[in-house]
Amino acid sequence: MFVLKDVCYSADGNQILKQINLSINQGEIFVIMGLSGAGKSTILRLLNGLIRPNSGAVIVDGKDISRASEKELTQIRRQVGMVFQSAALFDSLTVAENVSFAWRKEKITKAELANRVKETLALVGLSGIENKMPAELSGGMQKRVGLARAIAMKPQAILYDEPTSGLDPMTSNTILKLIKDLNQRLQVTSVVVTHDLAGAFEIADRIALLNNGEIIFVGTAAEMQKANLPLVQKFLTGGQGEQGGYHAAITRS
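Numbering that gives the first Met the number 0 applies: residue 0 is where the sequence shown begins, and numbers increase by one.
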């Protein structure tokens, strides 16, 4: 689904990504982790064409979008849904208007539109909130409405930027289970950027670990735990030995 070949990216004189080579398979849940500033969210922006690499190729469904026209990018973005860290809902629009925003130019009846919204909200476990405003929703509900908006166009892939950020453990678990459930039910590819170690180990088919703009590990959760790489083990333990990092996250959850 996604392939990055020798991708380099710099901004304001700072090199953020260095020779990134990465393949993300159709239908998998691929988690990207790393310390703040490692380049995780930059990869998401490259995958949906919001930015272009300084060098290298970004291939989405067989097309190199780093050389695509804006018209071509618009078509490609219809295949790739995005769930933002803050949900990024339109504050002045109702839940129904937020979810149906991508359909605003389609010639469909009000009844059909309402039915589509109802069905889409049901997929993320929300019913009867169509007329509510974003300010009336909890943080977890806002994230789910953002996810409903992302799946409204039936994309082939969904990109998640810190989907559990700012949520309590119980709500975070609900969001993670929803990501896994939708990945299977909709047969989409899911790319998740997160700092949530326990959550990543719970849902990921594979995990990539970034350090200073470079990929230092790609593999399953089990392979990551066993990896004989000092930087990987330091990340997992939070530099605190076996009782820190991932192990502490499991205990807290």
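Glycine included, C-beta positions come from ideal geometry on N, C-alpha and C.
Go through its chain and collect everything with a Cβ distance to residue i's Cβ below 8 Å, but skip five positions before and after it.
| i | result |
| --- | --- |
| Asp63 | Ala56 and Val57 |
| Gln78 | Val59, Asp60, Pro154, Gln155 and Ala156 |
| Phe89 | Glu96, Asn97, Phe100 and Pro133 |
| Ile107 | Arg115 |
| Asn13 | none |
Using a beta-carbon distance below 8 Å, is residue i in contact with chain C?
| i | result |
| --- | --- |
| Gly237 | Here there is only one protein chain, and chain C is not present. |
Are residue i and residue j close, meaning C-beta to C-beta below 8 Å?
| i | j | result |
| --- | --- | --- |
| Leu228 | Ile215 | yes |
| Thr188 | Gln25 | yes |
| Ala199 | Met81 | no |
| Ala151 | Ser91 | no |
| Lys70 | Val94 | no |
| Ala220 | Ala197 | no |
Express the C-alpha separation of residue j and residue i in angstroms, rounding to a whole number.
| i | j | result |
| --- | --- | --- |
| Glu27 | Ala101 | 25 Å |
| Lys206 | Leu136 | For clarity, residue 206 is Ile in the given sequence; the question names Lys instead. So the alpha carbons of these two residues sit roughly 32 Å apart. |
| Leu112 | Lys176 | 27 Å |
| Ser68 | Lys233 | 42 Å |
| Asp195 | Ser65 | 30 Å |
| Thr173 | Lys179 | 10 Å |
| Ala110 | Glu201 | 39 Å |
| Ala226 | Ile19 | 20 Å |
| Gln183 | Ser126 | 21 Å |
| Leu72 | Lys104 | 18 Å |
Can you check which of these residues, the options, is closest to residue i by C-alpha distance?
| i | options | result |
| --- | --- | --- |
| Ala86 | Gly198, Ala134 and Ile31 | Ala134 |
| Pro162 | Ile31, Ser68 and Ser171 | Ser171 |
| Ser54 | Gly237, Leu3 and Ile31 | Leu3 |
| Pro52 | Asn97, Met81, Ser68 and Asp5 | Asp5 |
| Gly124 | Val192, Ile19 and Leu181 | Leu181 |
| Met169 | Met140, Gln84 and Gln155 | Met140 |
| Ile128 | Ile157, Glu96, Ala226 and Gly48 | Glu96 |
| Gly218 | Leu72, Leu21, Asn13 and Leu92 | Leu21 |
| Leu45 | Ile174, Tyr8 and Gln14 | Tyr8 |
| Ile23 | Leu196, Gln14, Phe1 and Asn13 | Phe1 |
| Leu166 | Leu196, Val94, Leu43 and Lys142 | Lys142 |
| Ile50 | Ala10, Leu34, Ile19 and Phe89 | Ala10 |
| Leu43 | Gly12, Thr193, Gly237 and Glu201 | Thr193 |
| Gly237 | Asn13, Leu34, Ala226 and Ile19 | Leu34 |
Leaving out five residues on either side along the sequence, give the residues of the same chain with a beta carbon under 7 Å from the beta carbon of residue i.
| i | result |
| --- | --- |
| Val231 | Leu208, Ile215, Phe216 and Met223 |
| Asn47 | Arg76, Val79, Met81 and Leu158 |
| Lys17 | Cys7, Gly212 and Glu213 |
| Ile15 | Tyr8, Ser9, Gly38, Thr41 and Gly212 |
| Gln186 | Gly26 |
Grab me the residues of residue i's own chain with a C-beta within less than 6 Å of its C-beta, minus the 5 sequence neighbours each way, in chain order.
| i | result |
| --- | --- |
| Gln84 | Asp160, Glu161 and Ser164 |
| Val191 | Val30 and Tyr159 |
Do the segment 141-153 and the segment 114-122 make contact, defined as three or more Cβ pairs closer than 8 Å? Between the segment 141-153 and the segment 114-122 there are three or more inter-stretch CB-CB distances shorter than 8 Å, so the stretches are counted as touching.
Measuring CB atoms only, is the segment 35-45 touching the segment 204-216, in the sense that at least three cross pairs come out at less than 8 Å? At 8 Å Cβ cutoff, the stretches touch.
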